[in-house]
Amino acid sequence: MKVKFFGHACWLIEGAKDKVIIDPFLTNNPHTETKPADLEVDYILVTHAHGDHMGAAQELAQQSDATIITTNEIANMLSQKGFNTHGMHVGGAYEFSFGKVKAIPAFHGSGIEGGHACGYLLTMGEKTIYHAGDTSLFGDMKLLNGIWAEKVDLALLPIGDNFTMGPEDAAVAAKWIDPEKVVPMHYGTFSLIDVDPTEFVHRADAENVNSEVIVLKPDESLEI
Ligand code: NI
Ligand code: MN
Numbered sequence: 044m045k046v047k048f049f050g051h052a053c054w055l056i057e058g059a060k061d062k063v064i065i066d067p068f069l070t071n072n073p074h075t076e077t078k079p080a081d082l083e084v085d086y087i088l089v090t091h092a093h094g095d096h097m098g099a100a101q102e103l104a105q106q107s108d109a110t111i112i113t114t115n116e117i118a119n120m121l122s123q124k125g126f127n128t129h130g131m132h133v134g135g136a137y138e139f140s141f142g143k144v145k146a147i148p149a150f151h152g153s154g155i156e157g158g159h160a161c162g163y164l165l166t167m168g169e170k171t172i173y174h175a176g177d178t179s180l181f182g183d184m185k186l187l188n189g190i191w192a193e194k195v196d197l198a199l200l201p202i203g204d205n206f207t208m209g210p211e212d213a214a215v216a217a218k219w220i221d222p223e224k225v226v227p228m229h230y231g232t233f234s235l236i237d238v239d240p241t242e243f244v245h246r247a248d249a250e251n252v253n254s255e256v257i258v259l260k261p262d263e264s265l266e267i
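All residue numbers for the sequence shown refer to the numbering used here, where the first residue is 44 and numbers rise by one.
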């Protein structure tokens, strides 16, 4: 499975059949030249409605006739505007044509009145990916290791601090989740989150994280 990073928290997952984009921040994203018009996707996962995560979801959904999977409050708001949506909420899982999505808690604002932010555990084929969304470190991340997932193959963790976990907490998260591979995200986009990803690499080393720590440049891909 191919996993492409567009910088910040935006990822394109290409499975056998479907293309799934997570947090499609593709307009005014300083990390990438890729524009919504360059992509054709089947599903769009949105962790919360802050602009750097909701991003170009509506534009992409319109041009690709894609379904937006997100929390119920955001899904309701978008379906009232005529979009195809699938509302979920934290703790719930659903089997889609491309695989299974479980909404994982995230300690962060929803970006909309009411509601809650979330992360996603996405299982496609044999592989399981955890996209943490924007969140603090929280103890229940331990449940991703053996309870919510048998094994996480790839964890995508925010490290930018100020709005989310910083490198120290993200290293603890990686230790607890114990994924096969871990990639830092949500840094370097704005001055407030101008964190060097090598700081995360060093912290992961200090925490004796067993995972392969991979720093991806925007527009780079990973095969899992
Ligand atoms: Ni946010
Ligand atoms: Mn954010």
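Yeah, the Cβ is synthetic: ideal placement off N, Cα and C, and Gly gets one too.
Predicted model, so just to flag it, every value in this text is computed and none were measured.
(message) Between G152 and the ligand NI, is there a pair consisting of the residue's CB and a ligand heavy atom that are separated by less than 8 Å?
(response) yes
(request) Pull up the CB-CB distance for L164 and A192, whole angstroms please, since I reckon it's below 8 Å. (result) 6 Å
(request) Identify whether V195 lies in helix, strand or coil by the three-state DSSP scheme. (result) coil
(request) State the beta-bridge partners of F48 as determined by DSSP. (result) W54
(message) Please classify D156 as buried or exposed, where buried requires at least 16 neighbouring CB atoms within 10 angstroms.
(response) First, the amino acid is wrong: residue 156 is Glu here, not Asp. Exposed, by the Cβ-count rule.
(request) Assign E83 to buried or exposed, taking buried as 16 or more other Cβ atoms, counted over all protein chains shown, within 10 Å of its Cβ. (result) exposed
(message) For the ligand MN, I want to know if F48 counts as a neighbour, meaning its beta carbon is within less than 8 Å of at least one of the ligand's heavy atoms.
(response) no
(message) For M167, list the residues DSSP reports as bridge partners.
(response) Paired residue(s): K170.
(message) Buried or exposed, going by whether 16 or more other CB atoms sit within 10 Å of the CB of L235?
(response) exposed
(message) Once DSSP output is grouped into helix, strand and coil, what is the label at E156?
(response) coil
(request) Would you check whether the ligand MN has a heavy atom nearer than 8 Å to the C-beta of H229? (result) yes
(request) Give every residue of the same chain whose Cβ lies closer than 7 Å to the Cβ of K45, excluding the five residues on either side of it in the sequence, and list them in chain order. (result) E57, S264, E266
(message) Within the continuous alpha helix (DSSP H) that includes E102, where are the two ends?
(response) Residues 100-107.
(message) Assess contact between the segment 135-144 and the segment 175-189, defined as three or more Cβ pairs (one per stretch) separated by less than 8 Å. Is contact present?
(response) no
(request) Thinking A160 and T90 are a contact (beta carbons under 8 Å), I'd like their distance in whole angstroms, please. (result) That pair is a contact at about 6 Å.
(message) For E116, count the other beta carbons within 10 Å of its own beta carbon; 16 or more makes it buried, fewer makes it exposed. Which is it?
(response) buried
(request) Helix, strand or coil for K218, going by three-state DSSP, please let me know. (result) helix
(message) Restricting to runs no shorter than 4 residues, where is the alpha helix (DSSP H) found entirely within the segment 105-156?
(response) 115-123
(request) Report buried or exposed for Y230, applying the criterion of at least 16 other Cβ atoms within 10 angstroms of its Cβ. (result) buried
(request) Rounded to whole angstroms, what's the CA-CA distance from A100 to A213? Just pull it up for me. (result) Approximately 27 Å between the Cα atoms of the pair.
(message) Using a Cβ-based criterion (distance less than 8 Å to any ligand heavy atom), does H245 qualify as near the ligand MN?
(response) no
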